[in-house]
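So the sequences go chain by chain: V and F. Count along the first sequence starting at 1, add 61, and that's the number in my numbering. Count along the second sequence starting at 1, add 4, and that's the number in my numbering. Built from N, CA and C at the ideal position, the CB exists for glycine as well. Quick caveat: nothing in here was measured; it's all calculated off a predicted structure. Everything below concerns the one structure shown next.
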Amino acid sequence: MSDELKTPLLDELEKGPWPSFITDLKSMADRPMVRDLLGQLEKSYRDKQGYWKHGGLVGIMGYGGGVIGRYSAIPDQFPGVSHFHTVRVNQPSGWFYTSEALNEIMDIWDEHGSGLTNMHGSTGDMVLLGTTTKELEPIFRALTAKDWDLGGSGSDLRTPSCCIGPARCENACYDTLALTYNITHKYQDELHRPMFNYKYKIKMSGCPNDCTAAMARSDMAIIGIWKDDIQIDQSAIAEYVDAGFNIQEYVIEKCPTKCITLEGKELKIDDSDCVKCVHCINVLPKALSPGKERGAAIALGGKAPIVDGALFATLIVPFIEIDEENGFEEVHDLLERIWEFWDEHGMNRERIGEFIERVTLKTFLEGIGVEPMPQQITQPRDNPYIFYEEYFEEETE
Amino acid sequence: MATTERRTDIGPPHYDKFLHPIIKENYGKWKYHDTLRAGVLVHVGETGSIYTVRAASPRLISTNFIRLMTGLATKYADGYLRFTSRNNVEFLLGNKDNIDPLIKELSDNGVPVGGLNNSISNVVHTQGWVHCHSAATDASGLVKVVMDELYEYFVEMKLPHKLRIAVACCLNMCGAVHASDIAILGLHRTPPRIDHSTLPNLCEIPTTVASCPNNAIRPTSIEGKTTVKVDEDKCMYCGNCFTVCPAMPMADPLNDGVSIWVGGKISNARTEPMFTKLAIPFIPNNPPRWPEVTEAVKNIVEVYAKNAKPYERVGEWINRIGWPKFFDLTGIEFTKYHLDDFRYAGTTYRRSMHNRY
Numbered sequence: 062m063s064d065e066l067k068t069p070l071l072d073e074l075e076k077g078p079w080p081s082f083i084t085d086l087k088s089m090a091d092r093p094m095v096r097d098l099l100g101q102l103e104k105s106y107r108d109k110q111g112y113w114k115h116g117g118l119v120g121i122m123g124y125g126g127g128v129i130g131r132y133s134a135i136p137d138q139f140p141g142v143s144h145f146h147t148v149r150v151n152q153p154s155g156w157f158y159t160s161e162a163l164n165e166i167m168d169i170w171d172e173h174g175s176g177l178t179n180m181h182g183s184t185g186d187m188v189l190l191g192t193t194t195k196e197l198e199p200i201f202r203a204l205t206a207k208d209w210d211l212g213g214s215g216s217d218l219r220t221p222s223c224c225i226g227p228a229r230c231e232n233a234c235y236d237t238l239a240l241t242y243n244i245t246h247k248y249q250d251e252l253h254r255p256m257f258n259y260k261y262k263i264k265m266s267g268c269p270n271d272c273t274a275a276m277a278r279s280d281m282a283i284i285g286i287w288k289d290d291i292q293i294d295q296s297a298i299a300e301y302v303d304a305g306f307n308i309q310e311y312v313i314e315k316c317p318t319k320c321i322t323l324e325g326k327e328l329k330i331d332d333s334d335c336v337k338c339v340h341c342i343n344v345l346p347k348a349l350s351p352g353k354e355r356g357a358a359i360a361l362g363g364k365a366p367i368v369d370g371a372l373f374a375t376l377i378v379p380f381i382e383i384d385e386e387n388g389f390e391e392v393h394d395l396l397e398r399i400w401e402f403w404d405e406h407g408m409n410r411e412r413i414g415e416f417i418e419r420v421t422l423k424t425f426l427e428g429i430g431v432e433p434m435p436q437q438i439t440q441p442r443d444n445p446y447i448f449y450e451e452y453f454e455e456e457t458e
Numbered sequence: 005m006a007t008t009e010r011r012t013d014i015g016p017p018h019y020d021k022f023l024h025p026i027i028k029e030n031y032g033k034w035k036y037h038d039t040l041r042a043g044v045l046v047h048v049g050e051t052g053s054i055y056t057v058r059a060a061s062p063r064l065i066s067t068n069f070i071r072l073m074t075g076l077a078t079k080y081a082d083g084y085l086r087f088t089s090r091n092n093v094e095f096l097l098g099n100k101d102n103i104d105p106l107i108k109e110l111s112d113n114g115v116p117v118g119g120l121n122n123s124i125s126n127v128v129h130t131q132g133w134v135h136c137h138s139a140a141t142d143a144s145g146l147v148k149v150v151m152d153e154l155y156e157y158f159v160e161m162k163l164p165h166k167l168r169i170a171v172a173c174c175l176n177m178c179g180a181v182h183a184s185d186i187a188i189l190g191l192h193r194t195p196p197r198i199d200h201s202t203l204p205n206l207c208e209i210p211t212t213v214a215s216c217p218n219n220a221i222r223p224t225s226i227e228g229k230t231t232v233k234v235d236e237d238k239c240m241y242c243g244n245c246f247t248v249c250p251a252m253p254m255a256d257p258l259n260d261g262v263s264i265w266v267g268g269k270i271s272n273a274r275t276e277p278m279f280t281k282l283a284i285p286f287i288p289n290n291p292p293r294w295p296e297v298t299e300a301v302k303n304i305v306e307v308y309a310k311n312a313k314p315y316e317r318v319g320e321w322i323n324r325i326g327w328p329k330f331f332d333l334t335g336i337e338f339t340k341y342h343l344d345d346f347r348y349a350g351t352t353y354r355r356s357m358h359n360r361y
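Shown next as structure tokens:
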């Protein structure tokens with residue numbers, strides 16, 4: 062560590078109106094870890110490349126995930142970051158905190174780590190960024206003493222996460238926070254001890270706006286949906302009309318199935334044609350809300366490009382009741398059937414989306430015991446290469 | 005710590021203990037919400053209203069920054085705050101009169117309020133050179149320079165519709181940029197450099213061979229030791245082999261850089277979710293402020309802002325006007341790299357006479 066920290070390139074990132082992470086990091090530069098992180102980052106900016114080694118195997122006794130080993134590739138120059146491990150802490154549903162609870166975690170992190178965090182990681186965890194191997198057990202003990210536990214990493218159930226749901230959204234079609242809490246607690250073993258083919262992410266969004274990006278970012282997207290009619294408050298519609306809001310242009314013409322009409326100040330929806338895109342509900346929040354028969358749709362296989370290309374999740378179950386009274390048993394049952402089939406037939410490092418592509422939807426549905434339905438596809442096949450499994454035989458005497 | 009008992013598998017605490025009393029009372033009973041001004045929401049429930057002030061955060065934040073936020077939450081929001089899926093900080097206020105003083109104090113500390121509705125919200129991003137072994141660029145720095153340039157679109161709601169930007173520093177896409185209005189994606193452009201002296205000890209050969217999506221990796225023998233070779237003509241520089249085999253590093257300062265993608269969306273509103281598509285195949289890394297990247301992103305935002313209709317996301321606007329016009333309007337050069345040549349390439353070829361002339 063040189064005596065004086067000089068970061069002329071990083072200093073350029075202190076300019077401009079957006080909050081500067083460099084200014085923030087510099088406020089902690091009296092700590093050797095942060096100081097050397099800044100030093101190494103300055104070198105990266107100069108040389109246009111990173112200086113981190115491929116992750117190493119470190120962890121908490123009894124856990125197979127939750128800690129990501131990280132070491133500097135040039136520890137002689139930056140000994141403060143020779144170890145710079147990440148600790149993933151399982152966030153509360155909906156990322157709600159009190160000042161008191163967050164301050165307690167910050168106290169632990171100031172004592173045992175760099176003091177740097179990501180709030181939050183892409184999967185959902187609170188990410189504590191930068192500590193040494195010998196601090197891992199003390200951090201774990203301090204966190205669990207305050208009722209916090211680690212999140213997932215590696216080929217395991219990754220930390221489930223959800224949107225704000227019924228806590229502050231009128232469009233939530235099921236209790237995303239409760240289901241996330243339930244699944245996280247029920248499957249602690251799967252979350253903490255990697256034993257899958259690859260990672261398995263679950264994200265819960267309360268409506269098709271999908272604020273957790275579950276369709277793109279999770280192996281299992283549980284998206285709130287309703288089956289009956291959109292609820293309309295006609296007096297609120299009249300208020301929108303009277304206020305000069307252009308319902309024709311901004312709502313009716315934007316409806317993907319053209320199932321909305323306005324007669325005078327009365328809005329009519331042919332709900333049998335509604336595809337639950339939620340545009341009209343988004344635009345007219347005071348007048349429209351989802352129907353009363355609510356539940357969720359389940360789609361599988363969303364992922365980023367690695368290995369075989371990016372995929373959106375495929376709709377598998379168009380509607381499932383999310384029944385808290387029943388302990389969410391139907392969701393558990395489906396989830397366990399999926400894991401069992403994937404475990405038996407999936408390959409190493411094969412996400413569920415790639416697995417479905419390889420074995421085909423037909424085989425996959427049979428494997429998990431879900432009936433084929435026209436809702437699961439955009440169109441029936443347009444090629445005639447059909448593998449028939451039933452055929453007639455000549456009757457024998 | 006006081007406890008000597010070692011607790012494991014306790015899971016996260018119940019969210020109930022972190023909910024504002026007004027939220028608890030109206031849980032599942034919200035009637036509607038309204039936007040009071042940029043960055044400020046009211047949600048009206050059966051027995052009361054909760055006010056939300058949404059503030060920016062660089063996501064990579066210190067305990068100092070978090071203590072600043074918790075201090076403000078204690079002072080103005082009864083001690084309740086949350087984070088959004090795009091890493092904004094949200095203060096949950098029971099008292100409407102605290103909105104202005106909170107915003108003022110945030111502003112005094114250099115933290116803007118906004119990111120709602122027809123604005124650019126916070127940028128989802130990855131670790132970059134700050135903390136990742138496979139990064140082809142930095143993520144936090146790119147976010148900072150891009151949002152400095154687009155600041156006005158965060159604090160005001162003047163776009164045709166919401167616009168979501170994401171940054172990922174390599175194809176692993178921890179930032180899942182593949183369904184964003186505008187994605188900035190770091191990429192490598194040269195094959196891995198194999199370290200044959202360490203590979204046999206560090207890597208499992210069958211796993212390494214199987215990791216390649218294009219079957220470009222084959223086992224081979226060098227000086228009696230089993231190692232691998234790469235068919236460089238087949239390599240797409242995805243770095244998947246490096247993920248399983250540390251002896252195949254990808255970093256190449258001369259050739260690593262950034263690509264720009266457009267037109268993805270995740271919401272089902274109006275149109276189905278869409279992937280981002282390639283706009284600019286490559287811009288060299290030019291830290292600390294990547295001027296070519298900020299200029300390219302700003303250009304796309306401004307052309308979209310000028311040409312799209314209300315409630316059109318970037319992808320919906322492009323679908324209406326067609327890709328030839330998108331390249332025309334933005335002045336972005338169309339190249340051979342825009343033609344897909346991977347798995348489902350054929351699905352992107354034009355197989356009709358539908359074109360605008």
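#1: For chain F, find out if any of its Cβ atoms is closer than 8 Å to the Cβ of V/Ala90; answer yes or no.
#2: May I ask you to verify whether the stretch 158 to 173 of chain V touches the stretch 21 to 37 of chain F, counting CB pairs closer than 8 Å and requiring at least 3?
#3: Kindly identify the DSSP beta-bridge partner or partners of V/Leu372.
#4: Could you confirm whether any beta carbon from chain V is found closer than 8 Å to the beta carbon of F/Met177?
#5: From the beta carbon of V/Cys338, is the nearest beta carbon of chain F less than 8 Å away?
#6: Chain V partners of F/Trp34, CB-CB under 8 Å?
#7: Any chance the stretch 126 to 133 of chain F sits against the stretch 160 to 177 of chain F, with 3 or more Cβ pairs inside 8 Å?
#8: Could you check what DSSP says for F/His18 in three-state terms: helix, strand or coil?
#9: Could you tell me the distance, in whole angstroms, from the CA atom of F/Ile322 to the CA atom of F/Gly32?
#10: Is the CB-CB distance between F/Ile270 and V/Ala277 below 8 Å?
#11: Hey, is F/Ser111's beta-carbon within less than 8 Å of any beta-carbon in chain V?
#12: V/Ser266 lies in the beta strand (DSSP E); which residues open and close that run?
#13: From V/Val381 to V/Ala90, what distance separates their C-alpha atoms?
#14: Which residues, taken in chain order from the stretch 374 to 398 of chain V, show a beta carbon closer than 8 Å to some beta carbon of chain F?
#15: Return the residues of the stretch 230 to 251 of chain V that lie within a Cβ-Cβ distance of less than 8 Å from chain F, sorted by chain order.
#16: Using the Cα positions of F/Arg10 and V/Arg202, report the straight-line distance between them to the nearest angstrom.
#17: For the beta strand (DSSP E) that contains F/Leu97, what are its first and last residues?
#18: On the CB-based measure, 16 or more other CB atoms within 10 Å of its CB, does F/Thr74 come out buried or exposed?
#19: Between V/Arg419, V/Tyr235, V/Arg410, V/Val119, which lies nearest to F/Val213 when the distance is taken from Cα to Cα?
#20: Does V/Lys319 have its Cβ less than 8 Å from a Cβ in chain F?
#21: Less than 8 Å between CB atoms is the rule here; does F/Arg58 satisfy it with respect to chain V?
#22: Hey, quick one: how far does the beta strand (DSSP E) through V/Asn179 stretch, first residue to last?
#23: What residue does the alpha helix (DSSP H) around F/His358 start on, and which one ends it?
#24: Using C-beta distances below 6 Å, list every residue in its chain close to F/Cys249, excluding the 5 sequence neighbours before and after it, in chain order.
#25: Closer than 9 Å between beta carbons: that is the criterion. Which residues of the stretch 138 to 153 of chain V meet it against chain F?
#26: Indicate whether F/Pro16 and V/Asp210 have their beta-carbon atoms separated by less than 8 Å.
#27: Leaving out the 5 sequence neighbours to the left and right, which residues in its chain are closer than 6 Å to F/Asn91 when beta-carbon positions are compared?
#28: Could you spell out the range, first to last residue, of the alpha helix (DSSP H) harbouring F/Tyr84?
#29: In the stretch 260 to 274 of chain V, which residues sit with their C-beta less than 7 Å from some C-beta in chain F, listed in chain order?
#30: Identify which residue in V/Gly116, V/Lys67, V/Pro80, V/Ile121 has its Cα closest to the Cα of V/Leu98.
#31: Taking just the CA atoms, how far does V/Ala239 sit from F/Leu76?
#32: In or out: V/Val312 buried (at least 16 other Cβ within 10 Å) or exposed?
#33: Give the list of continuous beta strand (DSSP E) stretches no shorter than 3 residues that lie fully inside the stretch 234 to 295 of chain F.
#34: Since V/Leu361 and V/Gly414 are thought to touch, with beta carbons under 8 Å apart, how far apart are those beta carbons, to the nearest angstrom?
#35: Apply the 10 Å Cβ neighbour rule to V/Pro346 and answer buried if 16 or more other Cβ atoms are within range, or exposed otherwise.
#36: So which of V/Thr192, V/Thr457, V/Pro221, V/Asp85 has the shortest CA-CA distance to V/Ser154?
The structure says:
#1: no
#2: yes
#3: V/Lys364
#4: yes
#5: yes
#6: Pro227, Arg229, Cys230, Glu231
#7: yes
#8: coil
#9: 37 Å
#10: yes
#11: no
#12: 263 to 266
#13: Position check: residue 381 of chain V holds Ile in this sequence, whereas Val was assumed. Cα to Cα, the separation comes out at about 52 Å.
#14: none
#15: Cys230, Glu231, Ala233, Asp236, Leu238, Tyr242, Thr245, His246, Gln249, Asp250
#16: 7 Å
#17: 93 to 97
#18: buried
#19: V/Arg410
#20: no
#21: no
#22: 177 to 180
#23: Unbroken run through F/His358: none, as it is neither H nor E.
#24: Cys207, Thr212
#25: Phe145, Thr147, Val150, Asn151, Gln152, Pro153
#26: yes
#27: Ser61, Arg63, Asn126
#28: No alpha helix (DSSP H) holds F/Tyr84; the beta strand (DSSP E) holding it covers 84 to 87.
#29: Pro269, Asn270, Asp271, Cys272, Thr273, Ala274
#30: V/Lys67
#31: 28 Å
#32: buried
#33: 261 to 266, 281 to 288
#34: 7 Å
#35: buried
#36: V/Pro221
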